[in-house]
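Contents: one structure, followed by commentary.
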Amino acid sequence: MKQYKIQDDLLLQKVVDEMVILDPESGNYFSLDEVGSRMIELFRETGSVAEVVKAMAQEYKAIDSDIESDMITLLDEMVRHGVVKVVGS
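Start counting the sequence shown at 44; every next residue gets the next number (my numbering).
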């Protein structure tokens, strides 16, 4: 499984139930809904996709494989926008 890391120089701001991630260098930003925000909050705390999946499955009473798929999709989209990088596989 790929390993991901949120870029260090980003500004993250929670606004109500959403999160906005800004790259001050490029001016690019990425907006997350409530569930995506929670995923990224947990990912910042743990640095582990597996830990996020476990926590989200408990919080949302959801199936691990569905959450993992959503998490990987989100992280890959964030990689394309330059706010997350792949650091290993």
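Where is the CB? At the ideal position from N, CA and C, for every residue including glycine.
Fair warning: this is a prediction, and the values are worked out from it, not measured in the lab.
Under DSSP, Leu54 forms a beta bridge with Leu65. Contact between the region 80-92 and the region 107-117 is established, with three or more Cβ pairs separated by less than 8 angstroms. With 16 or more other Cβ atoms inside 10 Å of its own Cβ, Met99 counts as buried.
As DSSP reads the structure, Leu75 sits in a beta bridge with Met62. A distance below 8 angstroms separates the beta carbons of Val63 and Ser74. Per DSSP, reduced to three states, the secondary structure at Val126 is coil, with no helix or strand assignment.
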